[in-house]
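S.K.: When the letters of the sequence shown are read in order and numbered with my numbering, they come out as residues 21 to 180.
Just so it is clear, CB atoms sit at the ideal spot from N, CA and C, and this is done for glycine as well.
To start, I am sharing the structure in question, which I have written as structure tokens.
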Amino acid sequence: MELSQKERLTEKQIAILQTELMKSQRQVGFAYVLTLIGGFFGLHKFYLEKTGQAVLYLFLGLVVILSGVIMLSVGGLIGFFMGTSRAAEAMGFSSVLSFICLIILICLIIYDLFTLPEQVKQFNDDLEEKIVMALLSTKPDQNTPAADDDGNQGMGQSKE
């Protein structure tokens, strides 16, 4: 963000900016914890509000788990009732699908482990810019009387 935008803020607006940033900023350490605990489900991407990427991680993670379950359960049932050749067929497709999705997901998570600090910094910078722009756009008009902190009208006018 340009420094000149922040310089246009009043002291009260700067205080509001700092308060909002404290409430909404993301932490790198917590993002890493989410990556390690729920990276296969995109928890760290949801945390950084990257919903599209998070849904991709979630989809890939569910495919890996569901195809693994299908491979084990359906493959076993088919093998029991119809013979081992059909079981091998069913398990073959599920295992290939699961393996491909798992490799893609592992590559994405490894990439995130190296780029997570930059992703968090980008999120926080974008958040700060959004808050500054909102504060600048809500700056009271200089020609109209403003209400003070108690809700009283300024410039000697009384409420009716």
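1) For a test of the three-state rule: what should DSSP assign to LEU29, helix, strand or coil?
2) With burial defined as no fewer than 16 other Cβ atoms inside 10 Å of the residue's Cβ, what is the status of LEU82: buried or exposed?
3) Using a Cβ-Cβ cutoff of less than 8 Å, which residues in the same chain neighbour LEU136 once the five nearest sequence positions on both sides are dropped?
4) Which first and last residues belong to the alpha helix (DSSP H) in which LYS65 is found?
5) Tell me, please, whether the segment 140-160 touches the segment 32-41 by the rule of three or more beta-carbon pairs shorter than 8 Å.
6) How about LEU128 and LEU78: do their beta carbons lie closer than 9 Å?
7) Less than 9 Å between the C-beta atoms of ASN144 and GLN45, yes or no?
8) Applying the criterion that 16 or more other CB atoms from any shown protein chain within 10 Å of the CB defines a buried residue, is SER118 buried or exposed?
9) Would you tell me roughly how many angstroms separate the C-alpha atoms of GLY88 and PHE134, rounded to the nearest one?
10) Suppose the cutoff is 8 Å on Cβ atoms and the five residues either side in sequence are ignored; what does the same chain contact list for TYR67 look like?
11) Since LEU84 contacts LEU125 with CB under 8 Å, what's their CB separation in whole angstroms?
12) Please list the terminal residues of the continuous alpha helix (DSSP H) segment that includes PHE50.
13) Would you mind stating whether LYS26 and ILE36 have Cβ atoms separated by less than 9 Å?
M.R.: Short version:
1) Position 9 of the sequence shown, counted from the start, is the residue given in the question as residue 29. If DSSP states are grouped into helix, strand and coil, LEU29 belongs with coil.
2) Position 62 of the sequence shown holds residue 82. Exposed, since its Cβ has fewer than 16 Cβ neighbours within 10 Å.
3) Residue 136 sits at position 116 when you count from the first residue of the sequence shown. Shown here for LEU136: same chain residues with a beta carbon closer than 8 Å to its own, the five before and five after excluded, namely VAL48, ALA51, TYR52, THR55, HIS64 in chain order.
4) For this step, residue 65 is matched to residue 45 along the sequence shown. Residues 63-67.
5) yes
6) Position 108 of the sequence shown, counting from 1, holds the residue named residue 128. Position 58 of the sequence shown, counting from 1, holds the residue named residue 78. Result no, Cβ atoms of LEU128 and LEU78 do not sit closer than 9 Å.
7) Residue mapping note: residue 144 aligns to position 124 of the sequence shown, counting from 1. Residue mapping note: residue 45 aligns to position 25 of the sequence shown, counting from 1. Yes, Cβ-Cβ distance for ASN144 and GLN45 is below 9 Å.
8) On the sequence shown, residue 118 is found 98 positions in, with the first residue counted as 1. So SER118 ends up on the buried side.
9) Along the sequence shown, one-based indexing puts residue 88 at 68. Along the sequence shown, one-based indexing puts residue 134 at 114. Taking the straight line joining both Cα atoms gives about 28 Å.
10) Position 47 of the sequence shown, counting from 1, holds the residue named residue 67. The residues are ARG46, PHE50, ALA51, LEU54.
11) Residue 84 sits at position 64 when you count from the first residue of the sequence shown. Residue 125 sits at position 105 when you count from the first residue of the sequence shown. Note that residue 84 is Val in the sequence shown here, rather than Leu. Yes, VAL84 and LEU125 are in contact; Cβ-Cβ is about 7 Å, under 8 Å.
12) Position 30 of the sequence shown, counted from the start, is the residue given in the question as residue 50. Per DSSP, PHE50 belongs to the alpha helix (DSSP H) from 48-58.
13) As a working mapping, residue 26 is identified with position 6 in the sequence shown. As a working mapping, residue 36 is identified with position 16 in the sequence shown. Judged by beta-carbon spacing, ILE36 lies beyond the 9 Å limit of LYS26, meaning their Cβ atoms are not closer than that value.
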